[in-house]
Amino acid sequence: MKLLTIIVFTCSNICFGQVKSDSAGLKKSDVENYGDSVYKPSYKKLIISTVFIGFGVVSLSSDALKNLNSSTKYEIGEHQPKHITLDNYTQYLPAAIVYGYNLAGIKGKHDLKERTIIYGTSQLISAAFVLPLKHLVKEERPDGTNHLSFPSGHTATAFSSAHFLFREYKDENIWIALSGYPIALFTGVYRTLNDKHWVGDVVAGSGFGVLSTEIAYWIFPIVNKIFKNNESKGVTFIYPVIQSKSVVLGLVLNL
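Mapping of the sequence shown onto the numbering used here: residues 759 to 1013, in sequence order.
Rendered as structure tokens:
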């Protein structure tokens, strides 16, 4: 089995775009008590993501799981569906739903600024997991286009977004909270149907996505304090857009 080392790194090619902050509609944070259990690490919350990541890692060397990858590719080839690019957009849809519900007046756990800090943090953490691993593992894609298959970045983004939706609305409306996971699953499935990833890549990506969002919530009190300290310098929050080889950040300023 290949030994995988997870490296947290400073993402290269980071671009900063400045936009004027619109403070209308922002309420004062009601999350002042950082003793809230939502921010406390719990090993129980790591079980699912750990199992999924473990499955993906084992799939790199297990003959049985390699056969699963191969048989899945064969079946897809036998019933090749029409290639679509919806998975390029559905990976972000659960996060967009959070902002959409807020605009509709259905409030979640955090206000606009706080949730954007949390989501931005989760995407940076996800990129810190996924991008180095792609270059360390160098697994060839099913379509042979390159050796950046493991883990699936689209799936990681999709499940980090879905878990973000879950975390924001699980105490408000459980059906809203769960609605992002089918969308994330669709994204992962279509990464295999489009011949871009093996099954193990997708499963591992989902694990890294959920884990990234969990970590983002755990460290939010620390990150939020950093942003509060920077408010005197004009910094409000960041918004990430993850691309194939880089992470672009929008830097929102109070002007």
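The beta carbon of each residue, even a glycine, is placed where N, CA and C say it ideally should be.
With at least 16 other beta carbons inside 10 angstroms of its own, His-912 counts as buried. Around the C-beta of Ile-875, 16 or more other C-beta atoms lie within 10 Å, and the residue is accordingly described as buried. In the three-state scheme derived from DSSP, where H, G and I count as helix and E and B as strand, Phe-908 is classed as coil.
A Cβ-Cβ distance of about 7 angstroms is found for the pair Ser-919 and Ala-942, placing them in contact under the 8 angstroms criterion. For the pair Tyr-939 and Val-796, the CB atoms are not nearer than the 8 angstroms cut-off. Only residues of its own chain outside the window of five on either side were considered, and among them none has a CB closer than 6 angstroms to the CB of Arg-873.
Uninterrupted alpha helix (DSSP H) stretches at least 4 residues long and entirely within the segment 948-989 occur at 957-976, 978-988, given in chain order. Sorting Val-981, Asn-827, Thr-879, Gly-866 by C-alpha distance to the C-alpha of Glu-897 places Asn-827 at the top. Segment contact: the segment 922-931 against the segment 838-855, three or more CB-CB distances shorter than 8 angstroms; contact assigned. Under the DSSP assignment, Lys-867 falls outside any alpha helix (DSSP H); it carries neither an H nor an E label. Counting other Cβ atoms within 10 Å of its Cβ, Asn-931 stays below 16 and is therefore classed as exposed.
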